[in-house]
């Protein structure tokens, strides 16, 4: 999947994909939207270099609801300064909600039905 260098949207919603999220997604340097919802992906959300580290100005939406993802929300997501939509609902994520989520651009945040603790960071209301 990492060979599709001109791909700007990756929509894999509603299939039966299982296992880890392929780290090769990080090679898709023009990617603006990732939708992995309603599959059977498991394990941690990997650090996706192309999504959260290398392309913070391109990624607008990351959707991975209704999977079996576990672990904390990776702090590399804080590098996505123009992320508009983040949906990680209905997984098995745990730990704190990162206080550095990009509140200035974020318009939709859905973290329901996980095992996250703490409070919503104050900067969400600014």
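In my numbering, the protein residues as written are 19 to 144. Every residue, glycine too, gets a C-beta built ideally from N, C-alpha and C. All values reported here derive from a predicted model rather than from experimental measurement.
When C-alpha distances from residue 22 are compared across 49, 89, 60 and 127, the shortest belongs to 49. With a cutoff of 8 Å on beta-carbon distance, residue 129 and residue 106 are scored as near each other. Assignment of beta-bridge partners to residue 92 by DSSP yields no partner.
Ranking 116, 98, 19 and 37 by CA distance to the CA of residue 86 puts 37 first.
Under the three-state reduction of DSSP, residue 113 is assigned to strand. Nearest Cα to residue 136 within the set 127, 117, 32 and 126: 117.
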